[in-house]
Amino acid sequence: MQAYFKDFQRIAEAGAYHELATRPVPKPDYFNWTTEILEGLHVARHPDKVALVLADDHGHQEITYAQLAARANQLLHFWRAAGVLPQQAVLLMVPVCAELWHTYVAGIKGGQLLIPAASILTVKDLEYRFGRLLPAVVIADAENAAKIDAAEQALGQRIQLKMLVGEHPARPRGWVTFAGLDNLAEQAEATTTRADDPLFLFFTSGTTGLPKVVTHTHFSYPVGHLSTAAWLGLRPTDRHCNIAQAGWAKFAWSSFFAPLSLGATLVVYQGGGRFAAAPLLAALAREQVTTFCAPPTVLRLLVLEDLTRYDFSFRECVSAGEPLNPEVIEAWQRGTGQLIRDGYGQSESTAMIYNLPGSAVRLGSMGQPSFMYDIVIADDEGHVLPALAEGHIA
Numbered sequence: 423m424q425a426y427f428k429d430f431q432r433i434a435e436a437g438a439y440h441e442l443a444t445r446p447v448p449k450p451d452y453f454n455w456t457t458e459i460l461e462g463l464h465v466a467r468h469p470d471k472v473a474l475v476l477a478d479d480h481g482h483q484e485i486t487y488a489q490l491a492a493r494a495n496q497l498l499h500f501w502r503a504a505g506v507l508p509q510q511a512v513l514l515m516v517p518v519c520a521e522l523w524h525t526y527v528a529g530i531k532g533g534q535l536l537i538p539a540a541s542i543l544t545v546k547d548l549e550y551r552f553g554r555l556l557p558a559v560v561i562a563d564a565e566n567a568a569k570i571d572a573a574e575q576a577l578g579q580r581i582q583l584k585m586l587v588g589e590h591p592a593r594p595r596g597w598v599t600f601a602g603l604d605n606l607a608e609q610a611e612a613t614t615t616r617a618d619d620p621l622f623l624f625f626t627s628g629t630t631g632l633p634k635v636v637t638h639t640h641f642s643y644p645v646g647h648l649s650t651a652a653w654l655g656l657r658p659t660d661r662h663c664n665i666a667q668a669g670w671a672k673f674a675w676s677s678f679f680a681p682l683s684l685g686a687t688l689v690v691y692q693g694g695g696r697f698a699a700a701p702l703l704a705a706l707a708r709e710q711v712t713t714f715c716a717p718p719t720v721l722r723l724l725v726l727e728d729l730t731r732y733d734f735s736f737r738e739c740v741s742a743g744e745p746l747n748p749e750v751i752e753a754w755q756r757g758t759g760q761l762i763r764d765g766y767g768q769s770e771s772t773a774m775i776y777n778l779p780g781s782a783v784r785l786g787s788m789g790q791p792s793f794m795y796d797i798v799i800a801d802d803e804g805h806v807l808p809a810l811a812e813g814h815i816a
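Numbers in our numbering are just positions in the sequence shown, counted from 1, shifted up by 422.
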């Protein structure tokens, strides 16, 4: 798979996206993204390159590709010492923090099942999820730790390992911190993972009933998100910023697999508290973000500011999640000089339909099918409909 990722990187750097449709995606029997791509390509070739920038209003913390891999290996050793096995589940219920990336990298390498969970979940929500699959490991901040303890107690079941992130002046009983990783080895053997082994489990929002589990494999998500990287227009030299909460699939899309698969730098703004447009805009300019992805709800607030006050470095701007009204697209273009390209995907997929960089954008259109997907419009019975007919994306 390294050869395919290298070829994709070359195509992205040249902006020759039309070539992607002519290159079949190989599927090996075994694949582990952490060992083959993160470590095998990026740590091996540019260990000191910055992978992650955690920025706030006072400065930033930088984590290199080598540091990211090393801390993830320490975490994997910690899990193994606690008896955590491959294919056991790790649930994350945290704000955006460095431990998120460490956990994803470690979980992929160790063959664990990763379950992102939104911080808005209630105790009842957690009881339902724990009833479906009790995780061996839970990682949470102090605020969510209390909810996890309550759900665990209500079910009368014990979670094997509970790890705490962030500020915790009074550490809850039964929880451990990441400080226990500090003296562990920074190299670790990978678990042999098949391409079709499950990797991510997402509980959908349950808008038509109880949440349903969406499964992504070691192949479908890391490789599938090259489609997302194409939509974003990412290059290895980019400083990319994506606005997404940690518990949602869009975080894995554009804050993890897409930028790190290309060897780019991810910039994360940690504003804390309620959303404020001006500090975010200042951080985007200060950190020289070149590619930017935000949902329409955020963009509608950003365009209320005087965008011309900021010295942006944007090359590509995209949005997804819901239709973006033309007025916002036009206001953003007036203020930044960049046209927002729309895109579409679901928790069950990666980016499926979008406007590629350099393509002619028709306002109100989400674009054309990705090179990785065969898209049709179908009726309620699954029959393919003719052009211009209204139906379901399938």
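Think of the CB as a built atom: it goes at the ideal place given N, C-alpha and C, for glycine as much as any other residue.
None of the values given here were measured: they were computed from a predicted structure.
Are the Cβ atoms of residue i and residue j separated by less than 8 Å?
| i | j | result |
| --- | --- | --- |
| Leu-684 | Gln-431 | yes |
| Val-711 | Ser-735 | yes |
| Arg-763 | Asn-777 | yes |
| Thr-659 | Trp-675 | no |
| Trp-653 | Val-740 | yes |
| Ala-443 | Phe-714 | no |
| Ala-511 | Leu-555 | yes |
| Ser-769 | Thr-626 | yes |
| Ile-799 | Ile-815 | yes |
| Met-515 | Leu-543 | yes |
| Glu-727 | Leu-761 | no |
| Gly-437 | Gly-765 | no |
| Asn-454 | Thr-615 | yes |
| Asp-563 | Gly-588 | yes |
| Ala-742 | Pro-701 | no |
| Asp-801 | Gly-813 | yes |
| Val-527 | Thr-639 | no |
| Ala-567 | Val-545 | no |
| Leu-724 | Ala-699 | yes |
| Glu-458 | Ala-491 | no |
| Tyr-550 | Leu-682 | no |
| Thr-758 | Leu-721 | no |
| Leu-497 | Pro-557 | no |
| His-524 | Arg-493 | yes |
For the alpha helix (DSSP H) containing residue i, name the first residue and the last one.
| i | result |
| --- | --- |
| Arg-580 | Unbroken run through Arg-580: none, as it is neither H nor E. |
| Leu-654 | 647–654 |
| Glu-812 | No alpha helix (DSSP H) holds Glu-812; DSSP gives it neither H nor E. |
| Phe-427 | 424–436 |
| Val-512 | Element bounds for Val-512: not the alpha helix (DSSP H) but the beta strand (DSSP E), 511–515. |
| Val-465 | From DSSP, Val-465 is part of no alpha helix (DSSP H); its letter is neither H nor E. |
| Phe-377 | Outside the modelled stretch of the chain, which goes from 423 to 816, sits residue 377, for which no answer is possible. |
| Leu-522 | 520–532 |
| Pro-748 | 748–758 |
Please report the residue range of the beta strand (DSSP E) in which residue i lies.
| i | result |
| --- | --- |
| Gln-483 | 481–486 |
| Thr-639 | 635–639 |
| Ala-562 | 559–563 |
| Asp-764 | 762–767 |
| Val-475 | 472–478 |
| Val-740 | 738–741 |
| Ile-537 | 535–538 |
Contact check, residue i vs residue j under 8 Å by CB: the rounded distance?
| i | j | result |
| --- | --- | --- |
| Asp-618 | Phe-641 | 7 Å |
| Leu-476 | Gln-692 | 6 Å |
| Leu-656 | Ala-686 | 5 Å |
| Phe-622 | Tyr-643 | 6 Å |
| Ala-610 | His-499 | 6 Å |
| Ile-570 | Val-560 | 5 Å |
| Val-636 | Arg-661 | That belief does not hold up - the Cβ atoms of Val-636 and Arg-661 are roughly 30 Å apart, past 8 Å. |
| Pro-446 | Met-423 | Contact doesn't hold; Cβ gap of about 13 Å is too wide. |
Please confirm if residue i has its CB atom under 8 Å from at least one CB of chain D.
| i | result |
| --- | --- |
| Ala-572 | This model lacks chain D altogether, as it is built from one protein chain only. |
Quick one: does the C-beta of residue i sit closer than 7 Å to a heavy atom of the ligand ATP?
| i | result |
| --- | --- |
| Leu-606 | Absence of the ligand ATP from the depicted structure is noted, as is the absence of any ligand whatsoever, leaving it without description. |
*What are the uninterrupted segments assigned as alpha helix (DSSP H) that are 4 or more residues long and contained completely in the stretch 658–725, given in chain order?*
As far as the stretch 658–725 is concerned, its whole alpha helix (DSSP H) runs of at least 4 residues are 671–674, 680–684, 699–708 and 718–724.
*Do the stretch 525–542 and the stretch 577–584 meet, that is, are 3 or more Cβ pairs less than 8 Å apart?*
No, the stretch 525–542 does not touch the stretch 577–584.
_Sufficient close CB pairs (3 or more, under 8 Å) joining the stretch 512–530 to the stretch 735–750_ = No: fewer than three Cβ pairs fall under 8 Å.
*Evaluate contact between the stretch 534–544 and the stretch 494–512, counting only Cβ atoms and requiring at least three cross-stretch pairs below 8 Å.*
The stretch 534–544, when compared against the stretch 494–512, does touch it at the 8 Å Cβ threshold.
*Can at least three beta-carbon pairs, one atom from the stretch 655–670 and one from the stretch 479–486, be found at a separation below 8 Å?*
No, because fewer than three Cβ pairs between the stretch 655–670 and the stretch 479–486 fall closer than 8 Å, the two stretches do not touch.
*Do the stretch 537–552 and the stretch 637–647 meet, that is, are 3 or more Cβ pairs less than 8 Å apart?*
Taking 8 Å as the limit for Cβ pairs, the verdict is that the stretch 637–647 does not touch the stretch 537–552.
*asked:* Could you tell me which whole beta strand (DSSP E) segments of length 3 or greater appear in the stretch 770–810?
replied: As far as the stretch 770–810 is concerned, its whole beta strand (DSSP E) runs of at least 3 residues are 773–776.
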